[in-house]
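**Q** Numbering (full-length UniProt numbering), first residue to last: 1 to 376.
Handing you a structure now.
Okay, structure coming up:
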């Protein structure tokens, strides 16, 4: 049995730049990558577990891998991924994702950062690794990932990530950290629209919006409302009213000309009542297009799926925050392995079960595991 060279793991990741000296290679690159991805699909989260998984499944792997010297040791896995160029891995990852999506990122792409908490090392004072991820809400896929040294460096990392991934035709949503003119310009350059949260990190913009929406005006004054939407729900004893206003930014906001193609200002007001106590929260957003208020309100809510569907899954199902893998490039590369596994599992509809139980099922069932690695 061999893996077909067409939309398979072996196809998309066999083009990686091998970091090893050729005369010292005892295992093929495809064998190392394939065993690692299979192990991650089945619940292995560190190099020792990956080696043990490989040895337990060696007879099965012999059916379609070369294995010239058997299963690599955990030290071999660790050395390989600590030296593997993350940029080369990223490029292969993005090409693989684009083959799945046919270069269509979906209607909404959410961008947010995540820190690998245990990648910090006290001995050499190495900072914990911070990763910026792009998540397709519609496709339930990680589109790309970029490492930054600190959370504050998201500002420079986001344009670089946007340059690498396909977002044409999508709305790109980012929290207030991404509310910068250069990021808005990069999104428009990529033929996408932006939806950016506005807070006090942009004081002039924030003040101008607040003045537009809340300052006292003459009775004859009409605020430039394009659309309004309100929704109401009761859940777990909490009553919530959500209101969304879309305003014409060009009509009354002089600062709008400083932001490329700024078309609308969005105001979200959320009123919650729990056990008789009422709270009210208000947030602002800017957008390069004037969408109906209902659609904008839903997009803003859907943005946080990147926390629930991506970050939560990585932390709970893959125990990413507990990972002690951190030597060289290994933490960043192993994070990408988890994202490959998560993308595969999210796309599979064989069983209506959670990611954790899908991983267990793949470990128990060779037929299911083969289906997973050949379905992409």
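We treat Cβ as the ideally placed atom computed from N, Cα and C, and that holds for glycine.
(1) Compute the Euclidean distance between the alpha carbons of residue 163 and residue 274, then round it to the nearest angstrom.
(2) Indicate the three-state DSSP secondary structure (helix, strand or coil) for residue 68 in the structure shown.
(3) Strictly under 8 angstroms for the Cβ-Cβ distance: is residue 262 near chain D by that measure?
(4) Could you tell me which of 73, 58, 194 sits nearest to residue 51, measuring between CA atoms?
(5) Over the uninterrupted beta strand (DSSP E) stretch that includes residue 244, give me the two end residues.
(6) In its own chain, which residues sit with a C-beta less than 8 angstroms from the C-beta of residue 115, not counting the 5 before and 5 after it?
(7) Apart from the five residues on each side of it in sequence, which residues of its chain come closer than 6 angstroms, Cβ to Cβ, to residue 355?
(8) Let me confirm a value: residue 385 is counted as buried when at least 16 other C-beta atoms fall within 10 Å, else exposed. Which label applies?
(9) At which residue ranges does the region 44–99 contain complete alpha helix (DSSP H) runs of 4 or more residues, listed in the order of the chain?
(10) Would the region 286–294 count as touching the region 183–195 if we require 3 or more Cβ pairs under 8 angstroms?
(11) Which same chain residues, not among the five before or five after residue 224, have their C-beta less than 6 angstroms away from its C-beta?
(12) Exposed or buried, residue 133, counting other C-beta atoms within 10 Å across all chains shown (16 or more means buried)?
(13) What is the DSSP secondary structure of residue 218, reduced to helix, strand or coil?
(14) Scan the region 164–209 and note each continuous beta strand (DSSP E) run of 3 residues or more that stays entirely inside, going in chain order.
(15) Specify, as a first and last residue, the run of the alpha helix (DSSP H) that residue 297 falls within.
(16) Excluding the 5 residues preceding and the 5 following residue 110 in the sequence, name in chain order all residues of the same chain whose CB lies nearer than 7 angstroms to its CB.
(17) If we call anything under 8 angstroms between Cβ atoms a contact, is residue 141 one with residue 101?
(18) For the alpha helix (DSSP H) containing residue 35, name the first residue and the last one.
**A** According to the structure data:
(1) For residue 163 and residue 274, the distance between alpha carbons rounds to 44 angstroms.
(2) Looking at residue 68 - three-state DSSP - the assignment turns out to be strand.
(3) In the structure shown, chain D cannot be found, because there is only a single protein chain.
(4) Taking each of 73, 58, 194 in turn and checking the Cα distance to residue 51, the smallest one comes out for 73.
(5) Note, residue 244: beta strand (DSSP E), 238–248.
(6) Same-chain partners within the cutoff: 128, 129, 130, 131, 151.
(7) Sequence-distant partners of residue 355 (beyond 5 residues in either direction) whose C-beta falls short of 6 angstroms from its own C-beta, in its chain, are 313, 317, 345.
(8) The chain is shown only over 1 to 376; residue 385 falls outside these bounds and no answer can be derived.
(9) Counting only unbroken stretches of 4 or more residues, the alpha helix (DSSP H) elements lying wholly within the region 44–99 are 47–56, 58–61, 74–83, in sequence order.
(10) Put simply, the region 286–294 touches the region 183–195. At least three CB pairs are less than 8 angstroms apart.
(11) Counting only Cβ-Cβ distances below 6 angstroms, and skipping sequence neighbours, we find 247, 248, 251, 252.
(12) Buried is the call here.
(13) The predicted position of residue 218 is uncertain, since its pLDDT is 49 and thus under 50; no value can be drawn from it.
(14) Those beta strand (DSSP E) runs which fall completely within the region 164–209 and span 3+ residues are 171–174, 193–198.
(15) Counting along the chain, the alpha helix (DSSP H) containing residue 297 begins and ends at 293–303.
(16) By the criterion of a C-beta distance shorter than 7 angstroms, residue 110 is surrounded in its chain by 135, 137, 173, 303, 305, 306, once the five residues flanking it on both sides are discounted.
(17) Going by C-beta atoms, residue 141 is nearer than 8 angstroms to residue 101.
(18) Note, residue 35: alpha helix (DSSP H), 29–41.
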